[in-house]
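Student: Sending over a structure as structure tokens; questions will come in a sec.
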């Protein structure tokens with residue numbers, strides 16, 4: 001039986017296609033992925049350009065690889081390089097999505113603003129990537145343009161070890177990519193409604209507004225929680241109470257296995273990890289993918305190497321320049337306006353409520369007056385009253401959504417969050433009617449725009465001397481009433497009340513709850529005991545959490 005190496009050498013040996021795995025394509029993806037990681041972390045405003053440039057290049061690469069593999073015009077070595085290189089866009093997008101997810105899981109309720117197109121693009125790229133990887137390793141023995149003997153001598157480089165690409169290397173990749181594909185399918189099935197809604201939102205503005213409200217209605221209930229803690233060592237007892245509503249769950253970008261890895265890191269809850277750790281971990285994983293890609297080409301004995309720089313290699317590198325120009329242009333624009341003092345402050349933003357809100361349209365519009373007069377006054381009033389909720393966006397970057405209140409012209413939200421704002425930060429408060437939104441009609445009741453630094457006093461030097469009552473009065477937050485605007489006209493009867501404060505040291509005040517509850521829904525008690533006995537002494541603590549759930553009136 002002839003030797004596989006001899007048969008492969010007689011057929012021309014291992015070869016690589018420069019338009020698929022050439023240095024131009026590889027360098028472009030290396031630069032775009034690393035640039036996306038840096039910009040997402042340190043310059044979020046410039047990150048979208050780098051992200052979309054990277055995503056378009058990755059999609060172009062994987063679609064080209066799929067087409068050429070079906071035509072059997074690329075080798076197994078090319079396909080392995082493509083699979084390794086495609087790990088970089090996955091890492092970069094996972095890092096960007098982890099920034100979004102970490103914000104959406106913030107205890108303050110702030111989320112990152114992202115478009116439905118981001119959801120579709122991220123999901124589509126993942127579909128092509130996983131499909132191509134599985135196809136490559138399932139058909140590895142007969143894949144590609146060369147004879148099967150060339151696939152037999154092709155080596156998979158994994159952590160510097162050379163594994164047969166149609167042997168143990170194939171098994172390793174089928175297991176790894178199989179697990180990631182199963183997780184992706186599971187996430188896709190669970191988030192199928194989000195994917196369909198995002199696809200619809202690309203062509204329908206009303207569907208896009210649906211992303212502003214929770215995925216499902218929040219239970220109309222309140223939880224009253226009492227926590228008692230006892231320390232066995234010191235005998236100290238503590239008691240704490242709080243009231244809270246069920247958490248709102250919104251449509252988000254689908255997470256994958258890399259997101260799980262970034263979120264499972266041991267120090268993932270710490271501030272240092274959020275600031276630096278995820279970026280360092282992502283860069284290390286990206287460095288590993290780059291090293292494996294280059295070793296794959298170096299350690300496989302290629303007898304036919306085409307290093308010519310054609311159109312397919314130059315174009316990706318040119319596309320890489322676009323986000324760099326965007327970043328440099330932004331830098332020049334900031335300085336061409338003249339020097340200015342830049343500062344940021346953490347502000348406690350409280351949306352107290354609104355008055356005189358009117359629905360954009362009602363179910364009674366267009367009905368004869370005679371018919372309306374036969375309806376009960378209570379039904380007419382309930383139909384005309386909106387179910388308002390407020391959407392607050394900061395620099396079109398962060399978003400906060402209040403709970404909706406049913407059938408009222410004067411909602412009393414009383415919700416607060418802390419946010420970091422800069423000199424030129426803009427806050428937009430939009431109020432929507434949930435009834436109109438659910439019916440697919442225009443739902444914007446009105447909006448107002450404010451600059452926090454025009455409302456707050458300018459930062460001053462540290463005060464010297466004792467704090468007087470006048471100082472405390474000046475520091476007390478003032479309630480500002482802003483008139484709403486809709487369709488270019490000011491709604492003089494409709495206002496929203498907002499409070500801005502620099503005092504963020506204390507805990508956030510709980511949302512305002514109705515004075516009366518309708519009835520008890522249920523109770524629950526959880527006990528956690530951690531105790532160690534040593535030389536007749538007990539150490540540890542006992543924590544008892546009692547929760548009563550009431551229906552809201």
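Numbering (the UniProt record's numbering), first residue to last: 1 to 553. Ideal Cβ placement from N, Cα and C applies to all residues, glycine included.
1. Let me know if residue 186 comes out buried or exposed under the rule of 16 or more other beta-carbons within 10 Å of its beta-carbon.
2. On the three-state DSSP scale, how would you describe residue 153?
3. Put residue 552 into one of helix, strand or coil per three-state DSSP.
4. Could you pull out every residue in the same chain whose Cβ sits closer than 7 angstroms to the Cβ of residue 452, ignoring the five residues on either side in sequence?
5. Between the region 380-396 and the region 429-437, can you find at least three pairs of beta-carbon atoms closer than 8 angstroms?
6. Measure the C-alpha to C-alpha separation of residue 498 and residue 482 and round it to an integer number of angstroms.
7. Taking all protein chains shown into account, do 16 or more other C-beta atoms lie within 10 angstroms of the C-beta of residue 386, making it buried, or fewer, making it exposed?
8. So, for residue 504: in the same chain, excluding its five sequence neighbours on each side, which residues have a beta-carbon less than 6 angstroms away from its beta-carbon?
9. Between which residues of its own chain and residue 227 is the CB-CB distance below 6 angstroms, once the five residues before and five after are set aside?
10. I'd like to confirm the pairing. Which residues does DSSP put opposite residue 209 in its beta bridges?
11. What are the boundary residues of the alpha helix (DSSP H) that includes residue 201?
12. With the cut-off set at 9 angstroms, would you say residue 300 and residue 157 are in Cβ contact?
13. Measure from the alpha carbon of residue 281 to the alpha carbon of each residue in 38, 62, 367, then state which is nearest.
14. Exposed or buried, residue 524, counting other C-beta atoms within 10 Å across all chains shown (16 or more means buried)?
15. Quick check on this structure: which residue in 443, 353, 32, 414 has the alpha carbon closest to the alpha carbon of residue 360?
16. Does residue 78 come out as helix, strand or coil in the three-state DSSP assignment?
17. My output table needs one value for residue 483: the three-state DSSP class, helix, strand or coil.
18. Using a Cβ-Cβ cutoff of less than 7 angstroms, which residues in the same chain neighbour residue 548 once the five nearest sequence positions on both sides are dropped?
19. With a 10 Å radius around its C-beta and 16 neighbouring C-beta atoms as the bar for buried, classify residue 231 as buried or exposed.
20. Could you have a look at residue 398 and say whether DSSP puts it in helix, strand or coil?
21. Alpha helix (DSSP H) containing residue 438: first to last residue?
22. Locate the alpha helix (DSSP H) running through residue 122, then write down its first and last residues.
23. List the endpoints of the continuous alpha helix (DSSP H) containing residue 371.
24. Rounded to a whole number of angstroms, what is the C-alpha to C-alpha distance between residue 344 and residue 502?
25. Could I get the ranges of all uninterrupted beta strand (DSSP E) runs contained in the region 211-248, with 3 residues as the minimum, in chain order?
Tutor: Answer, in terms of the structure:
1. exposed
2. helix
3. strand
4. 347, 421, 425, 427, 500
5. yes
6. 8 angstroms
7. buried
8. 346, 348, 418
9. 240, 545
10. None, per the DSSP bridge assignment.
11. 192-201
12. yes
13. 38
14. exposed
15. 443
16. helix
17. strand
18. 224, 520, 523
19. exposed
20. strand
21. 434-438
22. 116-138
23. 369-373
24. 12 angstroms
25. 221-231, 237-244
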